[in-house]
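Residue numbers (my numbering): 45 to 399. Here the structure is laid out as structure tokens; the discussion comes afterwards.
Quick look at the structure:
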């Protein structure tokens, strides 16, 4: 008996056979953030033989309160590569693969195909629907986790021909309709708790023990410690819709403005830029540029004032979601030479201070 896993193997439901199952299993974790970090740490320490980590983002100071796999020495490092390094120290006996890029329609199918199950640690709907559709087509379980302020949700989809994510939520919300954690805030311990629930569901599936949360959505409110278990049914129409298409379905919030996204690394210090802040006026940090228009999305005015402006216009917000929505409005009204910033306001502030 490997002393590393001794306490775990002492449980009759696991034993040596169960530990071998873990060693032979593979899990892809999409998102090495608040949910992905705790899930990865415990899957690695439990002895899951092969872990994949997908994340294109870099570690920021604002991550550290929730994503405790990282520390200040990791700032500006890619999360997938950084997590890989940390997890190798935690358990050198397992295989850890870093995928430091965006999961999208061109790579999702081939990547997910290489793993036994997927943990969804994302904070955007387009990627979540993409994961769900790929898992359904490939017959792979998907362990879902969601967060909102003091609340969290966990469920399992596509498990043993059970319901998919689309059975519960057939279509994604409109762009900007549902805020993410960077816009609403989140209690720092909430991702840790939900990420551990996700890791637990993954272990149950691999070991074949207990009752995975298939067809059930567990909702947890941290301020009241109230837990509610919602049951939902498989929707054959939604299942067939994905299977008939044989590809991940496009969603209403996907890719409509991706051609007009721009990153700070693509901008030069010498360029004359017109910055458009679509955040609420009370949101921080506030930024100062020679040419800046503050135009909160909820009070969106006529875009006519931009029509004759030949300057490159860059829209930004806290996370990139609202700026995409604002950009779609500008494009719909024929405003040219406008782009939305991939990075959020905090990264933009640091960039501006380095100019």
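For glycine and all other residues, C-beta sits at the position ideal for the given N, C-alpha and C.
Proximity of residue i and residue j at Cβ, strictly below 8 Å
i           : j           : result
residue 385 : residue 367 : yes
residue 147 : residue 155 : yes
residue 191 : residue 230 : yes
residue 235 : residue 79  : yes
residue 82  : residue 239 : yes
residue 200 : residue 257 : yes
residue 360 : residue 392 : yes
residue 142 : residue 125 : yes
residue 74  : residue 167 : no
residue 187 : residue 242 : yes
residue 60  : residue 53  : yes
residue 318 : residue 373 : no
Cβ distance (whole Å) where residue i is taken to contact residue j below 8 Å
i           : j           : result
residue 92  : residue 127 : At roughly 14 Å, the Cβ-Cβ gap does not stay under 8 Å, so residue 92 and residue 127 are not in contact.
residue 49  : residue 63  : 5 Å
residue 174 : residue 149 : 7 Å
residue 380 : residue 329 : Not confirmed; about 29 Å, so no contact.
residue 209 : residue 71  : Not really, about 18 Å apart at Cβ, beyond 8 Å.
residue 66  : residue 84  : At roughly 14 Å, the Cβ-Cβ gap does not stay under 8 Å, so residue 66 and residue 84 are not in contact.
residue 144 : residue 122 : 5 Å
Residue i versus residue j - alpha carbon distance
i           : j           : result
residue 109 : residue 288 : 43 Å
residue 280 : residue 388 : 39 Å
residue 277 : residue 270 : 23 Å
residue 244 : residue 197 : 14 Å
residue 77  : residue 107 : 8 Å
residue 300 : residue 364 : Confidence in residue 300 is poor, its pLDDT being 43 and thus under 50, which makes the residue's placement too unreliable to answer from.
residue 346 : residue 134 : 54 Å
residue 98  : residue 254 : 28 Å
residue 296 : residue 213 : Reliability fails at residue 296, whose pLDDT of 36 lies under 50, so the model's placement of it is uncertain and no value is given.
residue 207 : residue 90  : 28 Å
residue 340 : residue 327 : 10 Å
residue 248 : residue 58  : 10 Å
residue 103 : residue 273 : 34 Å
residue 117 : residue 205 : 44 Å
residue 56  : residue 131 : 27 Å
residue 46  : residue 88  : 15 Å
residue 215 : residue 260 : 19 Å
residue 342 : residue 371 : 14 Å
residue 169 : residue 153 : 17 Å
residue 306 : residue 251 : 44 Å
residue 105 : residue 275 : 38 Å
residue 129 : residue 395 : 27 Å
residue 383 : residue 331 : 18 Å
residue 344 : residue 338 : 10 Å
residue 171 : residue 262 : 21 Å
residue 314 : residue 176 : 43 Å
residue 298 : residue 140 : Legend: pLDDT at residue 298 = 41, less than 50; position of this residue unreliable, value from coordinates given subsequently. C-alpha separation (whole angstroms): 30 Å.
residue 312 : residue 246 : 45 Å
residue 310 : residue 113 : 30 Å
residue 308 : residue 136 : 36 Å
Closest by C-alpha distance to residue i, when choosing among the options
i           : options               : result
residue 355 : 340, 346 and 336      : 336
residue 316 : 341, 304 and 353      : 353
residue 151 : 167, 129 and 178      : 178
residue 397 : 265, 213 and 333      : 333
residue 233 : 267, 89, 284 and 131  : 267
residue 282 : 249, 211, 129 and 105 : 211
residue 320 : 369, 314 and 312      : 369
residue 228 : 46, 362 and 53        : 362
residue 194 : 265, 351 and 205      : 265
residue 237 : 53, 176 and 189       : 189
residue 202 : 284, 132, 372 and 55  : 284
residue 157 : 145, 172, 185 and 249 : 185
residue 351 : 377, 310 and 172      : 377
residue 286 : 140, 136, 183 and 113 : 183
residue 375 : 309, 314, 310 and 304 : 304
Proximity test, residue i beta-carbon vs the ligand SAH heavy atom, cut-off 7 Å
i           : result
residue 353 : Of ligands this structure carries none, so the ligand SAH is not represented either.
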